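Number of protein chains: 4
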Amino acid sequence: MNVRVGVIGVGMIGQDHIRRLTQVLTGGSVTAVNDVDAARAGQVAAGLPGAHIHDTAAALVADGNVDAVLVASWGPAHEEQVVAAIAAGKPVFCEKPLAPSSAACQRIMDAEMAAGRRLVQVGFMRRYDAGYRAMKAALDDGGLGVPLLMHCAHRNPSVPDYGFTTDMIISDSAVHEIDVVRWLFGEEIVAARVLMPRRTGHAPDGLQDPLILLLEMASGALVDDELFVSARYGYDVRGEVVCENGTVALADVDEVTVRTQNRRRVVQGGRPPQTPPDGDRVPVDWRDRFVRAYDTELQEWLNAVAAGTSTGPSAWDGYAAAAVTDAALEALRTGQLTAVSMAERPEFYAK
Amino acid sequence: MNVRVGVIGVGMIGQDHIRRLTQVLTGGSVTAVNDVDAARAGQVAAGLPGAHIHDTAAALVADGNVDAVLVASWGPAHEEQVVAAIAAGKPVFCEKPLAPSSAACQRIMDAEMAAGRRLVQVGFMRRYDAGYRAMKAALDDGGLGVPLLMHCAHRNPSVPDYGFTTDMIISDSAVHEIDVVRWLFGEEIVAARVLMPRRTGHAPDGLQDPLILLLEMASGALVDDELFVSARYGYDVRGEVVCENGTVALADVDEVTVRTQNRRRVVQGGRPPQTPPDGDRVPVDWRDRFVRAYDTELQEWLNAVAAGTSTGPSAWDGYAAAAVTDAALEALRTGQLTAVSMAERPEFYAK
Amino acid sequence: MNVRVGVIGVGMIGQDHIRRLTQVLTGGSVTAVNDVDAARAGQVAAGLPGAHIHDTAAALVADGNVDAVLVASWGPAHEEQVVAAIAAGKPVFCEKPLAPSSAACQRIMDAEMAAGRRLVQVGFMRRYDAGYRAMKAALDDGGLGVPLLMHCAHRNPSVPDYGFTTDMIISDSAVHEIDVVRWLFGEEIVAARVLMPRRTGHAPDGLQDPLILLLEMASGALVDDELFVSARYGYDVRGEVVCENGTVALADVDEVTVRTQNRRRVVQGGRPPQTPPDGDRVPVDWRDRFVRAYDTELQEWLNAVAAGTSTGPSAWDGYAAAAVTDAALEALRTGQLTAVSMAERPEFYAK
Amino acid sequence: MNVRVGVIGVGMIGQDHIRRLTQVLTGGSVTAVNDVDAARAGQVAAGLPGAHIHDTAAALVADGNVDAVLVASWGPAHEEQVVAAIAAGKPVFCEKPLAPSSAACQRIMDAEMAAGRRLVQVGFMRRYDAGYRAMKAALDDGGLGVPLLMHCAHRNPSVPDYGFTTDMIISDSAVHEIDVVRWLFGEEIVAARVLMPRRTGHAPDGLQDPLILLLEMASGALVDDELFVSARYGYDVRGEVVCENGTVALADVDEVTVRTQNRRRVVQGGRPPQTPPDGDRVPVDWRDRFVRAYDTELQEWLNAVAAGTSTGPSAWDGYAAAAVTDAALEALRTGQLTAVSMAERPEFYAK
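Protein chains in written order, with the numbering used here: chain A, 354 to 704; chain B, 354 to 704; chain C, 354 to 704; chain D, 354 to 704.
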């Protein structure tokens, strides 16, 4: 079966998903696009033979040639668009965050439960990365025993000089670890605290960078997450889970080892192999590091849509991430340990 | 454009390519199959809605719903099938070897030159592996200087107890290094020698395993290739090129590092990430190690067919590999340094 | 010059230092021993031709055949013994802790300042480890920029079932990181906090294990130190300093890589090379991991004594470590961020 | 016991051994020196209080204050000096080669057998390296099964522009692998062949560099040894033994990992830890890579001399290395596979 996808929001991320649907994956096509910027929608549609441009997201959702909806608009628009897809009974893949507040996420869950069927998948792509999957498998295997701690680091080389706020270090960057630790540990986060280390001189004015986010799991396990968005040296994501009987850590991803001029270096991968490598570099772009995770994520979504099932991160996962993000943002403001306020997990979202 | 592929030979490798065309890649579909085993052809076609079963390879090639042909039959049948595709003016992807003798390969080249257009691609998938591509890029960059030596190892855990001969260590295993060193060094192999080390007790009766294949390049550079098909511990492919200013080596491919029971281990990848990892293992199957290379190889072939171009290993590459294999097999019989007998490279196959 | 050393306290650590002085290092000999257990002193002295057994530490210090004193008794006895050595004008190497309280350390400093000459070195051996020294050199080089964060882990396989208290995780284990971060960062620690993660089921009754110790440096830089003394899988010490322009981390110390049974393993070192390795293991004993650091530490002390100089960790370093330990122990009891109470650094101890 | 050592030959290597005996190791002192260059002998002795300068090697050997002799003169002088020490009944440590020809080595063995006691140790220091020792232990353990192959590489950054001949690549560099593979495999080398790859443009005029030395063991196992003395990028020694059940390889020796400017690098060690590291470099000097092996070698020799035993590489090992070197040099001249001409191992030298 070919899944006909309508894409709402065709900025950088939306265009990347369109490239993936049309040039990399199988079983999907893009039949409709919508964007608040009509000119951009037109430019993108020009490269998609047969794709219809819709003036509104609602019109796209209603299009009979759209089997499933991909939401890549900006966060504040997600709720209305996702709820419209639910109302139309169409599967919807929504980029993170599911919505900017846990209350908005709650309304999406209410709509989905009222519809009586799981239709929403949230774009937490790290769950599809080979490293995190191997880590999850090692934990689920049981040989390592109960997890007690996790050490994470999330480093970007830089952020734009204007417009990137300290809050966004939590809501845009840390949200990935927030989701992935819930998934790896198989339990909820109950409290958050934020520490402010010495500030780097390379951060834009007004940005408190780096941060340390501490998360407390329901079991008492603790997670420390270094968030450093002006790290300069490269994009780097690290993780180690410490268990009762041993540890499991993400490995470095290398292609070749180069020895020259009294140096031993590694060339790291993650790029599609058809792209020539740029020398012995740490990946500088999150799309490089997680390019295969994005591919796998969307392929599995297409497969699930075609099969009429639902397999990925759910609206509940989007809600839980939003609730923890809310607590972490309050912890950032107050400097205090902050409890996460979260509803009971509905039976509808039982694993 | 959707490339409609007809598949000749639907054994293990043919079926794997069909899975790839239908479940992994974009831009292709399987519209026809043929196999010497009609029952097997029927079983495979049953999973391919709309695919036609042809009694003969010739009929498949002639099918108007076939834009391009994929040959995965046994080696002795390749020549006739590839030449038929050339005669029909259809692009043809042929699994290695292009043909069992350099003379047969020469006839394929003659047919292709007579047709006046490059239509043949040979299935040397290592050229599409991220590690070899990074190695090629490091060499082409020039900073390492002229290549002088290459050390290779090609290890399989085991081979079948019956039917796998010492000759096949050259023709089935070493042929991959034979192609890849021609490609990495950008020059031809001019002589071969085979050394016979102490035989492992784990080799099937009558099999001389391991072997060392020594290759001499036109520039005088030397390649040593350890071929060990009863290596037991796992499937492992290694390579290091030694240049005037430094070296470049394939890195180990790890996903995570596990520390437990006084051990530090790595979990190696290569499998599609949707497959759960099997613990801390060296890949045991060549399809694991090179799964992404196979995907990339066939995707780029589809892209080239759709674009009306030709990009991969050519009939000349298939011919050169056959000529070197002939010399290596003679070297195996005689124990002597054996010159490769090879025609001049026709202008038609200039790089 | 041969430095004649008198050793006070000949338990496990004292005996190890005697082995080092007599069998590994050059320029020193052991001419006198003392221990609260006279029988043990006799047994040890029996292996040291010409060494005198003293009934009291004071008598050993006064011995005309003792040029320098090594204190390896239990902590509460250190102050009196070290002050006696200072009073006698003899260089003294004192195992950590210098004394069990910062007040006692202050009295030692007062005695040394009154004597007008630096005579005391404290046994913080990590400063002599090749890894930490390479890290220090990388930081001092300046290319990495200002340090902002450090992540540490300090894992022991197990502790005795009885007698090891949660306080000792701070005073015996964390004290190594407390000293080494002061040295690496070149600044003092101003506050401490202790977090209690989920407790491992492998900890002895009553022991809260693991802990996370958070340290705040004068510059605002933060250090997180995982302390896990029932980690089971092995002895493992890790460290990464995150700076404005990059990071530097302790590497794993491997001797060989073994590939067998679908596994790739490393054999780690640290043992004296004359000891046969035990297979592919993580070091299980701190003496293995830091054996060369201990050797270097004591050799450099002998060299400094012979040269009449003083180069290692000083009484000030012992005092500062005690002051931070006091704060960390209070933080453990209260769960609060606790300021370190520390005197101004006297000019006498200027770097 | 203090071993009083007389050193014959105080050039670079002799001085390094004197530094080791006086500043690093325990249980030895230097009481006498001799050199063909009397001025150099005088300069070196000036730094050794109480050491006597002898006009001749014979006089040094006869000195009553010399318990044991260390020969670090040039190769052609070794035979006479070693035989003199044997005649005097004094243990003698002789730098490699034991003597420049196997016939000369045979005469040394004859003298030692006539003396009826093992007195000679040859300076093959790799047997004392932690990596090779871990490799030996892994092989002797038996789990890897019978060794079938070994791949070696021996790379120097450069050699002097004048005076270094192609023969010396065999006699000075390859001799280390010749000894170490005999020791690792526990059997003799029976034949040698030399291959000449493309020559690097960085080799001095007239030097054929790199070379490949192929060695055949008595069991049929094969060893390939890349010898590359103008490798530029650094000093690098590699080794992997391939066995029936798996492989064991020397690991890279790293102290720290530095991530900066989109690069991940390692700082390699081997230097004495008191030396500040030079940044992220591959060791450039063989004394760096094997500094600890040299220390261990000489310490174990001192210990054996003091105990009246003999433990290290024997005159037989020196003879066998010379016999293989002779064959390899003939193979270099002729390009042919050359059998090693070697006497039966005398019972006197049974393991």
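Quick reminder that beta carbons are idealized off the backbone N, C-alpha and C, glycines included. For clarity, every value in this text was computed on a predicted model and none was experimentally measured.
Three-state class that DSSP yields for residue i in the structure shown
i, result
"M466 of chain B", "helix"
"H407 of chain A", "strand"
"L567 of chain D", "strand"
"P500 of chain A", "strand"
"S524 of chain A", "helix"
"A506 of chain D", "strand"
"E579 of chain C", "strand"
"A544 of chain D", "strand"
"A676 of chain D", "helix"
"S667 of chain D", "coil"
"T662 of chain D", "coil"
"E433 of chain C", "helix"
"A703 of chain D", "coil"
Per DSSP, cross-strand counterpart(s) of residue i
i, result
"Q705 of chain A", "It is not possible to answer for residue 705 of chain A, since the shown part of chain A is limited to 354 through 704."
"T600 of chain B", "A:R612, B:V595"
"V422 of chain A", "A:G359, A:V445"
"V389 of chain C", "Paired residue(s): none; V389 of chain C is not in a bridge."
"V383 of chain D", "D:V358"
"D589 of chain D", "D:R508"
"A692 of chain D", "D:A544"
CA-to-CA distance, residue j to residue i, given in whole angstroms
i, j, result
"D416 of chain A", "A399 of chain A", "19 angstroms"
"Y588 of chain C", "R508 of chain C", "5 angstroms"
"V419 of chain B", "A385 of chain B", "7 angstroms"
"A705 of chain A", "A602 of chain A", "This structure gives no information on residue 705 of chain A, because the portion of chain A shown stretches from 354 to 704."
"V363 of chain D", "D388 of chain D", "6 angstroms"
"A506 of chain B", "P557 of chain B", "20 angstroms"
"P429 of chain B", "A452 of chain B", "6 angstroms"
"F517 of chain A", "D525 of chain A", "10 angstroms"
"S511 of chain A", "P402 of chain A", "37 angstroms"
"A703 of chain A", "A490 of chain B", "49 angstroms"
"G554 of chain A", "L492 of chain C", "17 angstroms"
"V528 of chain A", "L575 of chain B", "52 angstroms"
"R479 of chain D", "K449 of chain A", "57 angstroms"
"M488 of chain C", "I531 of chain C", "16 angstroms"
"I366 of chain A", "G476 of chain A", "11 angstroms"
Close beta carbons around residue i, own chain, < 6 angstroms, minus the five adjacent residues each side
i, result
"A668 of chain C", "I461, M462, E465, V473"
"T687 of chain A", "none"
Cut-off 7 angstroms between Cβ atoms - residues of its own chain near residue i, not counting five sequence neighbours on either side
i, result
"H370 of chain C", "V360, L423, A425, L651"
"L378 of chain D", "D648, L651, Q652, L655"
Own chain, CB closer than 8 angstroms to residue i, minus 5 neighbours either side, in chain order
i, result
"G380 of chain C", "M354, N355, V356, Q652, L655, N656, A659"
"E433 of chain A", "A410"
- Message: Beta carbons nearer than 7 angstroms to chain B: which residues of the segment 511-543 of chain D have them?
- Response: Residues of the segment 511-543 of chain D whose Cβ lies closer than 7 angstroms to any Cβ of chain B: none.
- Item | Interfacial residues, the segment 455-467 of chain B to chain A, with Cβ spacing under 8 angstroms | Those residues of the segment 455-467 of chain B that come within reach of chain A (Cβ to Cβ, closer than 8 angstroms) do not exist; the list is empty.
- Return the residues of the segment 586-608 of chain B that lie within a Cβ-Cβ distance of less than 7 angstroms from chain A, sorted by chain order. Within the segment 586-608 of chain B, the residues whose Cβ lies closer than 7 angstroms to some Cβ of chain A are N598, G599, T600, V601, A602, L603, A604, D607, E608, listed in chain order.
- Item | Interface positions of the segment 484-503 of chain B facing chain A (Cβ-Cβ less than 8 angstroms), listed along the chain | Taking 8 angstroms as the Cβ-Cβ cut-off against chain A, the residues of the segment 484-503 of chain B that qualify are G484, R486, A487, M488, A490, A491, D494, G496, L497.
- Task: Please name the residues in the segment 375-393 of chain C whose beta-carbon is closer than 9 angstroms to at least one beta-carbon of chain D, in chain order.
- Result: Contact residues of the segment 375-393 of chain C toward chain D are T375, Q376, V377, L378, T379, G380, G381 (C-beta to C-beta distance below 9 angstroms).
- Query: Of all the residues that make up the segment 648-662 of chain C, which are near chain A by a beta-carbon distance shorter than 9 angstroms?
  - Reply: Cβ contacts with chain A come from no residue of the segment 648-662 of chain C.
- Item | Selection of the segment 556-579 of chain B by Cβ proximity to chain D, strictly under 8 angstroms | Those residues of the segment 556-579 of chain B that come within reach of chain D (Cβ to Cβ, closer than 8 angstroms) are P563, I565, L567, M570, S572, G573, A574, L575, D577, E579.
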